[in-house]
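K.L.:
Input: one structure, supplied below.
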Amino acid sequence: MTINVKWILRLSISLAAVIVVTSQKSIAMNTTEKAVHVLNRFAYGPKLGEAKKLAQTGDKGLAD
Amino acid sequence: MNPKTEAKLEEKLKKLSSLKYTNQQMLAAFPKQNEKTMLGLDPDKIEGDPKDILKELVIQKIVRSVESENQFEEVLVDFWFNHFNVYFDKGAVRHAVTSYERDVIRPHVFGNFKDMLMATAKSPAMLFYLDNHKSRKGQINENYARELLELHTLGVDAGYTQRDIQETARVLTGWSIQKAYQISDFRFLKNQHDKDPKTVLDLEFKKNEGIKEGERLIEYLALHPSTAKFISKKLAVKFISDSPSKESVNKLADIFIKSRGNLKEVYLALFQLDEFWKSENIKIKTPFEYFISSVRILNASIIPDTEKINIVKRFFDQSGQSLYRCQPPTGFKATADFWVNPGAMVNRINLALKLSDDQIPQVSFDKNNILNPIKNNKYRNQDELVQYFNKNVFNSIIHKKTLAKLDQLVNESEQYQQDSRKELPIYYFKTEKILALMLSTPEFQRR
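For the record, the sequence lines run as chains A and B.
Residues in the first sequence are numbered consecutively from 13, following my numbering.
Residues in the second sequence are numbered consecutively from 20, following my numbering.
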């Protein structure tokens, strides 16, 4: 896959601004969102499918 | 925790032999030229390169962070190593960092703060890094004493004075290592200790208390209210937001004091704070967190080969987070201002593009993990594909507005690329690009 460097550069500048400005606080999280939040803070983020598993089964589900 | 998974992880790390070495074994296996002479080894005999210690350390950190089921421990080892930072490239420290992380930091992350502080104070890596090993009566070195008060315990605003720093250094004279170049175990050298009375803050030391002085001082500092507040704020900045409320910090500090520095209780309190549950997706990931979370979300795995580490190591170096090589004792910053700038974003996007295209030799990413469910060609257009990935890979964290922008960006990049494979199913040629862009979204760059 080849991607034009100019395109990456332009994207990176707008991203840097957006990341700072758009931090959003959630009002009420559903169970999956809570699972993602916990995995983002107390782990290095969810693995593929892990957040849903955690939301459904609690932390026991992660040991399978 | 699944014992099978952990056993598999340890098996993967088995061939990184230096991970089990003591400091002395490390020196014998990876000496520099001048150290060979000091050790009486044949200078022409080929020994391991000290750089390999760093490579093995970096790989084990990445492998554990990606694959360990005990994720919280890995996050905490990173946090506390950074809090009690030592710098790999400072002389003999390189032979002691492996043991420092393994034997000094890791065993204490769920324990008591006082024990961890004491262990770092007596660790050869810290004694060498902040020069306390050379501090003796009449020739004190204040480096460790200063950082002990400013960075490890009380915090810079706690109201101590330069005199307190000097008195702390006097208390800790003789806290040393037997042979600096061999970076041997901790030794208290009685004849180098300042035996006269001293006072640090409101703590007095009578004449001739020996090693007990330092131990008493460290216990006092570990349980000091300013330390409770300083550590609580640092934990809140790591786990809640760049500017946590005073109320949350005070709650944590209260628990810290009541539990006499029981870290498990402080973590538990953190988890129960209202502010924690209102802080979703507002912390910017460090380059390390970004890389590890990207590998995890794609279900990719790490190949523990020291020869293949270059791209990943270069990413950390260029992003300003060279692992184990943070020179100042402050460690790496945990706030957004330190990590967000256009240059850093270029690095992240480039990494995301390489990762999603399986172009990083140290990472094995099988696209089929993600594509198998859609190979029935159900997803015919780009929008459907983006929606599918957001829901099933990224847990719907990416907002609608970002998804619309992302759609536009993919189309834009197509103009640059002049892709001629339009007759193929859409997932066949757009997956890498879409995944890379999703990994680059503001939502995924935060945690």
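Using N, Cα and C, we set each Cβ at its ideal position, and we do this for glycine too.
Treat the numbers as computed from the prediction; the structure is a model and nothing was measured.
Touch check for the region 202–213 of chain B and the region 149–165 of chain B: three-plus C-beta pairs under 8 Å?
P.N.:
Segments in contact, yes.
K.L.:
Give a yes or no on whether 7 Å exceeds the smallest Cβ distance from N52/A to chain B.
P.N.:
Yes, N52/A lies at the interface with chain B (some Cβ there is under 7 Å from its Cβ).
K.L.:
Give the DSSP-derived three-state secondary structure of N329/B in the structure shown.
P.N.:
N329/B: helix per DSSP, three-state reduction.
K.L.:
State yes or no: is the C-beta of A371/B within less than 7 Å of the C-beta of S459/B?
P.N.:
Yes, the Cβ-Cβ distance between A371/B and S459/B is below 7 Å.
K.L.:
Could I get the ranges of all uninterrupted alpha helix (DSSP H) runs contained in the region 32–111 of chain B, with 4 residues as the minimum, in chain order?
P.N.:
Qualifying alpha helix (DSSP H) stretches, in chain order: 42–48, 52–58, 69–86, 90–102.
K.L.:
Along the chain, which unbroken stretches of the alpha helix (DSSP H) at least 4 residues long are found entirely within the region 339–425 of chain B?
P.N.:
With a minimum length of 4 residues, the continuous alpha helix (DSSP H) runs that stay inside the region 339–425 of chain B are 355–358, 361–375, 387–390, 401–411.
K.L.:
Give me the residue from T349/B, D376/B, G339/B with the minimum Cα distance to W358/B.
P.N.:
Comparing Cα-Cα distances from W358/B to each of T349/B, D376/B, G339/B, the minimum goes to G339/B.
K.L.:
For my contact list, I230/B and A111/B are in at a C-beta cut-off of 8 Å; report their separation, rounded to the angstrom.
P.N.:
Not really, about 23 Å apart at Cβ, beyond 8 Å.
K.L.:
Verify whether the separation of the beta carbon atoms of L149/B and N162/B is less than 7 Å.
P.N.:
Cβ atoms of L149/B and N162/B: closer than 7 Å.
K.L.:
Would N53/B and G350/B be called neighbours here (beta carbons separated by less than 7 Å)?
P.N.:
In this structure, G350/B does not lie closer than 7 Å to N53/B by Cβ.
K.L.:
For S278/B, which residues does DSSP report across the bridge?
P.N.:
The partner list for S278/B (beta bridge, DSSP) is empty, contrary to what the question assumes.
K.L.:
Mark N391/B as exposed unless 16 or more other C-beta atoms lie within 10 angstroms of its C-beta, in which case mark it buried.
P.N.:
Label assigned to N391/B: exposed.
K.L.:
Quick one: residues in its chain with C-beta nearer than 7 Å to the C-beta of A144/B, no 5 flanking neighbours on either side, listed in chain order?
P.N.:
Within the same chain, A144/B has close Cβ partners V105, V112, A115, V116, Y119.
K.L.:
Going along chain D in order, which residues have a C-beta closer than 7 Å to the C-beta of V412/B?
P.N.:
Given the protein chain composition of this structure (A and B), no chain D is represented.
K.L.:
Looking only at C-alpha atoms, which of H243/B, K74/B, S341/B, I259/B sits nearest to L289/B?
P.N.:
The shortest Cα separation from L289/B among H243/B, K74/B, S341/B, I259/B belongs to I259/B.
K.L.:
Which residues of the region 305–329 of chain B have a Cβ closer than 7 Å to any Cβ of chain A? Give them in chain order.
P.N.:
For the region 305–329 of chain B, which is checked against every Cβ of chain A, the residues closer than 7 Å are E308, I311, S312, R315, I316, L317, N318.
K.L.:
So if DSSP puts F224/B in a beta bridge, which residue, or which two residues, is it bridged to?
P.N.:
DSSP output for F224/B lists K217/B as bridge partner(s).
K.L.:
If you follow the alpha helix (DSSP H) that I196/B is part of, which residue opens it and which one closes it?
P.N.:
Unbroken run through I196/B is the beta strand (DSSP E), 194–196; no alpha helix (DSSP H).
K.L.:
Could you check what DSSP says for N151/B in three-state terms: helix, strand or coil?
P.N.:
Three-state DSSP puts N151/B in a helix.
K.L.:
Would you please verify whether the beta carbon of A55/A is less than 7 Å from any beta carbon of chain B?
P.N.:
So, interface residue.
K.L.:
Taking DSSP as the reference, what is the three-state secondary structure of S35/A?
P.N.:
Only weak support is given to the placement of S35/A: the predicted model assigns it a pLDDT of 46, under 50, and the value that follows is read from those uncertain coordinates. Note: S35/A maps to coil in three-state DSSP.
K.L.:
Between the region 369–386 of chain B and the region 164–183 of chain B, do three or more beta carbon pairs fall short of 8 Å?
P.N.:
These segments do not touch.
K.L.:
Report back the beta-carbon spacing between V82/B and I316/B to the nearest angstrom; my notes put them in contact at under 8 Å.
P.N.:
Wrong, their Cβ atoms sit about 17 Å apart, outside the cutoff.
K.L.:
Report yes or no: do three or more beta-carbon pairs, one from the region 292–302 of chain B and one from the region 37–56 of chain A, lie closer than 8 Å?
P.N.:
These segments touch.
K.L.:
For the alpha helix (DSSP H) containing F205/B, list its first residue and its last residue.
P.N.:
Counting along the chain, F205/B falls outside any alpha helix (DSSP H), though it belongs to the beta strand (DSSP E) covering 205–207.
K.L.:
Mapping DSSP to helix, strand and coil, what is I159/B?
P.N.:
The answer is coil: DSSP assigns I159/B none of H, G, I, E or B.
K.L.:
Is R465/B helix, strand or coil by DSSP?
P.N.:
Strand, per DSSP.
K.L.:
Hey, quick one: how far does the alpha helix (DSSP H) through E234/B stretch, first residue to last?
P.N.:
From DSSP, the alpha helix (DSSP H) with E234/B extends over 230–241.
K.L.:
Going by alpha carbons, who is nearest to F98/B out of L32/B, S84/B, F107/B, K109/B?
P.N.:
The option with the nearest alpha carbon to F98/B is S84/B.
K.L.:
Residues in the region 76–104 of chain B with C-beta within 8 Å of chain A's C-beta atoms, listed in sequence order?
P.N.:
Within the region 76–104 of chain B, the qualifying residues are S84, V85, E88, Q90, F91, E93, V94.
K.L.:
I need the DSSP call for N269/B, collapsed to helix, strand or coil.
P.N.:
The answer is helix: DSSP assigns N269/B an H, G or I state.
K.L.:
Using the rule of at least 16 other Cβ atoms within 10 Å of the residue's Cβ for burial, across every protein chain shown, is V128/B buried or exposed?
P.N.:
The residue in question, V128/B, is buried, as its Cβ has 16 or more Cβ neighbours within 10 Å.
K.L.:
Give the C-beta separation of L191/B and N227/B to the nearest angstrom, bearing in mind that I take them to be a contact with Cβ-Cβ under 8 Å.
P.N.:
Rounded, the Cβ-Cβ distance is 15 Å, inconsistent with contact.
K.L.:
Check whether the Cβ atoms of S251/B and V268/B lie closer than 7 Å to each other.
P.N.:
Closer than 7 Å, so yes.
K.L.:
Here's a check: name, in chain order, each residue in its chain whose Cβ is nearer than 7 Å to the Cβ of T450/B, leaving out the five neighbours to either side.
P.N.:
K386, L390, listed in sequence order.
K.L.:
Pull up the CB-CB distance for S146/B and S195/B, whole angstroms please, since I reckon it's below 8 Å.
P.N.:
It should be pointed out that residue 146/B corresponds to Leu in this sequence rather than to Ser. At roughly 6 Å, the Cβ-Cβ gap stays under 8 Å, so L146/B and S195/B are in contact.
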